[in-house]
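Only one structure is covered here, and it is reproduced in the block below.
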Amino acid sequence: MCMTTLPGSWIYILLSSSDYTRCKIGRTDGNPLIRFRNLRTGDPSLALHVAYYVPAKLASISKIESSIHYEFKDYRITNHEDTNSEWFRVEFEQAEMNIDYLLESFLDQELSNRSNIHLDIPTKMYESDLRDIYEPDLHDRSFAEWVLRNTEE
1 MCMTTLPGSW IYILLSSSDY TRCKIGRTDG NPLIRFRNLR TGDPSLALHV AYYVPAKLAS
61 ISKIESSIHY EFKDYRITNH EDTNSEWFRV EFEQAEMNID YLLESFLDQE LSNRSNIHLD
121 IPTKMYESDL RDIYEPDLHD RSFAEWVLRN TEE
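Numbering of the sequence shown is given in full-length UniProt numbering, commencing with residue 1 and proceeding in unit increments.
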């Protein structure tokens, strides 16, 4: 099973290395590294801070993303069209702590780290963890093979 066919989605935090008080909180159904690289073409100062894998059977990723955005509503940066964006004026460490808490509360279970990843468990991974698993071949590396090698019995 490739990452693009995982039975779940990802919530991610991107930050601008030119302004650490601004971060993007979004979601993707595919590989968060690919999403990050696609967005980075428009802003080379972007950095992927952390991504959270949310199994589809646990919750609707759209509802989770909406709930997270609602919790950060006072920090939302509006764009020139005065519409809501996924950018927030908040330190990325604070965003990470809040999202950790929100996800664990919403899903009613603790987040795992990459060493305990399992398809049915919400998992928190930093960019370096994602790179360790999916580089150098982001499109064809088998996620299932990695899970089988690294899941605790």
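Using N, Cα and C, we set each Cβ at its ideal position, and we do this for glycine too.
- Your pair isoleucine 64 and valine 50 does not check out as a contact, with CB atoms roughly 15 Å apart and the cut at 8 Å.
- Between phenylalanine 106 and phenylalanine 88, the C-beta gap is not smaller than 8 Å, which leaves the two residues out of contact.
- Taking every protein chain shown into account, the CB of serine 17 has fewer than 16 other CB atoms within 10 angstroms, so this residue is exposed.
- The shortest CA-to-CA distance from isoleucine 13 to any of Thr83, Ile121, Asn98 is the one to Asn98.
- For arginine 35, the enclosing alpha helix (DSSP H) starts and ends at 32-40.
- When DSSP states are grouped into helix, strand and coil, isoleucine 121 belongs to the coil group.
- If you ignore the 5 residues before and after alanine 95, its C-beta comes within less than 6 Å of the C-beta of Ile13, Cys23, all in its own chain and listed in chain order.
- Cβ atoms of leucine 46 and arginine 40 come within 8 Å of each other, at about 5 Å.
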